[in-house]
Every structure is written in C-alpha cells, then in structure tokens.
Amino acid sequence: MATLKLTHRKCVAEPSGWISVIMKALCLLRNVLGSSRGFRESHRRGAKEATRMPDHPSGAPGDAPRILIVEDDLHARRINSLALSSAGYEIHEAVDGAEAVERAVALRPDLIVMDLGLPGMSGLEATRRIKHEMAPTAPLVVVLTARAMREDVEAARRAGCDAHLAKPIDPFDLVHEVKRLLEARPGAA
334 MATLKLTHRK CVAEPSGWIS VIMKALCLLR NVLGSSRGFR ESHRRGAKEA TRMPDHPSGA
394 PGDAPRILIV EDDLHARRIN SLALSSAGYE IHEAVDGAEA VERAVALRPD LIVMDLGLPG
454 MSGLEATRRI KHEMAPTAPL VVVLTARAMR EDVEAARRAG CDAHLAKPID PFDLVHEVKR
514 LLEARPGAA
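Heads up: the sequence shown at position 65 corresponds to 398 in the numbering used here, and the numbers run straight through without jumps.
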C-alpha cells in the first residue's frame, strides 16, 4: 500500500506497486505548489503520520475554486481529483454526461474537467447543455480526450470548451492549465 508522509514540510512518497510514479509526481507537485499551512494529524497502525491539507488558491479555506471532474474511468478520475485537490481546489465528480449536467447546474462550479468519451451523453453534448443552461455564467470547460486531431479540437471549441488536453494527461499539465484558465477569466483577481 502506498502512503504519503510529511517530513520537514516536504511530502515524501513511500510507494509500492503500480502507483509509485503517480505518488512521486503528486508529492513533487505538492512540494512545488504548497506551503506550510494546514495540517491534520492522523494515526494509522500506531504510527503517527501528518497528512498535508492543501492550501486554497484564493488564500482562504472555503473560497477555493470549485471544479467538477467528469470522467467515467475510475483511475483517471482519481488521479485528476488527487492532482487538483492537492493544488488546493474543491473537487466534485461525475461519471457520465447526464450526471455532469445535473451536478454542474446544482454546484455552479468555476471549471469543469470534461472527458469526451462518456457513456450515454457525450462530453461534447454535456458541454453544450451546460453552457446553454448556465448562460451567461457558465463555467470554463477543459476537455480531455484521446482524439486530438484538428477537427476534434474545433468540434470541442464549437461545443463551448475553453481548452483541450490530449490523453494521456500529465497531472502537472492539468493543474497548470486549470490554474491558467482560472487566472485568465474575467473578474479573476
């Protein structure tokens, strides 16, 4: 089992199995983006471990930008959620297009990370519906897809997507793109 420990204000991965590269990358991300605020003590099998709670990009807990991750693949969803929550964002999840529309309208996220290849309603159709139902305050949408041809990128833009990232996604690239979009939106500080 993989664990994360905080030592001398640094995140250290003690991985085992297939997740080792991901854990090391997320620790590096935490060390680069994090600061020394907010710790939670946890106890596991008698050993005391400190789990780093992420800083909030806005500077105040509870004011973190809200992100909805829409991904049907459990592992991809967990990796994206962990990367973005480690960067301080408030994360919510959906597993298909219909749930994405429902959750987006209810949650009013600042940004949606949308997979295109979803069961039932596609990510493009879900994006169109979200942008239509939530206009003029619709969230930003970053689309994730293995389809990265020029025609696919243009179809995503026409549906209302604000950015396009080709799979496989590097967690660092996802965090960077989310941060860039949120900082560039009108009214951002």
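The C-beta atom is built at its ideal place from N, Cα and C for all residues, glycine as well.
Interface flag, residue i vs chain B, CB-CB below 8 Å
i, result
"Ala492", "As a matter of chain content, chain B is missing from the structure shown, which is built from one protein chain."
DSSP three-state assignment for residue i, whether helix, strand or coil
i, result
"Ala496", "strand"
"Asp503", "coil"
"Leu451", "coil"
"Glu423", "strand"
"Thr478", "strand"
"Gly456", "helix"
"Ala468", "coil"
"Arg436", "helix"
"His389", "Here the model assigns His389 a pLDDT of 45, short of 50, so the residue's position is not dependable, and the following value carries that caveat. Three-state DSSP puts His389 in coil, outside helix and strand."
"Asp305", "Since the first residue shown for the chain is 334 and the last is 522, residue 305 is missing from the structure and cannot be characterised."
"Arg441", "coil"
"Arg410", "helix"
"Cys518", "The sequence shown places Arg at residue 518, not Cys. Looking at Arg518 - three-state DSSP - the assignment turns out to be coil, as it is neither helix nor strand."
Buried versus exposed, by CB contacts within 10 Å (16 or more), residue i
i, result
"Glu466", "exposed"
"His509", "exposed"
"Val434", "buried"
"Val403", "buried"
"Gly456", "buried"
"Leu407", "exposed"
"Met447", "buried"
"Ala397", "buried"
"Arg410", "buried"
"Ala437", "buried"
"Gly453", "exposed"
Extent of the continuous beta strand (DSSP E) run through residue i
i, result
"Arg399", "Arg399 to Val403"
Residue span of the alpha helix (DSSP H) that contains residue i, given as start and end
i, result
"Val428", "First-last for Val428: undefined, no H or E at that position."
Beta bridge counterpart(s) of residue i as assigned by DSSP
i, result
"Val446", "Ile402 and Val475"
request  = Flag this pair as touching only if the region 441-450 and the region 467-482 have three or more C-beta atom pairs under 8 Å; answer yes or no.
outcome  = yes
query = Is the region 454-466 in contact with the region 411-426, if contact means three or more CB pairs nearer than 8 Å?
reply = no
query = Counting pairs of Cβ atoms below 8 Å between the region 493-500 and the region 477-485, do you hit three or more?
reply = Contact holds: three or more Cβ-Cβ distances are below 8 Å.
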